[in-house]
Amino acid sequence: MVAGTLVAYQSVGAFGLNVGGRITFAQPCVVDNISLRCEECALCSNLLGPACGGYTEIQWIPSGGTPGQNYICVPKGYLYRGGGKQPRIGAWLWAKMLAPQIPIQVGISP
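In terms of our numbering, the sequence shown opens at residue -1 and continues consecutively.
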């Protein structure tokens, strides 16, 4: 069952949006117990509500030729491709995603 789900997920990935650019913001999100929002991660908070606490918000300046999408909500603990261990300001990012909260692959420069 898991293998079949993975194959289906990877097949859908062929239709994802390819984006990339230089990272300008990278912040693990933390839910405030009173407001139930992630104040430091406004885009992911608006998109995910209180579930934002399980994500890291990454924003970037799109590189030439990539669509205008400029943020992604990556699950905490995600294994990034490309050698970078954690997103950081100034690093390069490339991503394939179905939506900002559904990354298929995310790579960052070391």
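For glycine and all other residues, C-beta sits at the position ideal for the given N, C-alpha and C.
In whole angstroms, what separates the C-alpha of Gly14 from that of Val104? As a working mapping, residue 14 is identified with position 16 in the sequence shown. As a working mapping, residue 104 is identified with position 106 in the sequence shown. When rounded, the distance between both Cα atoms is 12 Å.
Going by DSSP, what residues sit across from Cys39 in a beta bridge? Indexing the sequence shown from 1 puts residue 39 at position 41. According to DSSP, which records beta bridges pairwise, Cys39 is partnered with nothing at all.
Could you check whether Ile70 and Pro101 sit closer than 7 Å to each other, using their CB atoms as the reference points? In the sequence shown, residue 101 corresponds to position 103, counting from 1. In the sequence shown, residue 70 corresponds to position 72, counting from 1. Yes, the Cβ-Cβ distance between Pro101 and Ile70 is below 7 Å.
What residue range is occupied by the uninterrupted beta strand (DSSP E) comprising Tyr53? Taking the sequence shown and counting its residues from 1, one reaches residue 53 at position 55. Where Tyr53 is concerned, the enclosing beta strand (DSSP E) stretches over 53 to 60.
Sequence-distant residues of the same chain with beta carbon closer than 8 Å to Ile21, five excluded per side: Looking up residue 21 in the sequence shown gives position 23. Around Ile21: Ile56, Gln57, Trp58, Pro85, Arg86, Ile87, Gly88, Ala89, Trp90, Leu91, Ile106.
Measure the alpha-carbon distance for Glu38 versus Lys74 and round it to whole angstroms. If you number the sequence shown from 1, residue 38 lands on position 40. If you number the sequence shown from 1, residue 74 lands on position 76. Rounded to whole angstroms, Glu38 to Lys74 spans 15 Å at the Cα level.
Have a look at Val16 and Leu34 and give me their C-alpha separation to the nearest angstrom. Counting from 1 along the sequence shown, the entry for residue 16 is found at position 18. Counting from 1 along the sequence shown, the entry for residue 34 is found at position 36. It is worth fixing the name first, because residue 16 is Asn in this sequence and not Val. The alpha-carbon atoms of Asn16 and Leu34 are separated by roughly 31 Å.
From which residue to which residue does the beta strand (DSSP E) around Lys94 run? Counted from its first residue, the sequence shown places residue 94 at position 96. Element bounds for Lys94: 90 to 97.
What number of angstroms, rounded off, separates the C-alpha of Leu46 from the C-alpha of Asn31? Within the sequence shown, residue 46 is the residue found at index 48, counting from 1. Within the sequence shown, residue 31 is the residue found at index 33, counting from 1. Each residue's Cα considered, the two are about 15 Å apart.
Quick one: give me the first and last residue of the beta strand (DSSP E) that Arg20 is part of. In the sequence shown, residue 20 corresponds to position 22, counting from 1. Arg20 -> beta strand (DSSP E) spans 15 to 26.
My guess is that Thr54 and Cys27 are in contact by the Cβ rule of under 8 Å, so how many angstroms apart are they, rounded? Here residue 54 is taken as the residue at index 56 of the sequence shown, counted from 1. Here residue 27 is taken as the residue at index 29 of the sequence shown, counted from 1. 7 Å between Cβ atoms; contact.
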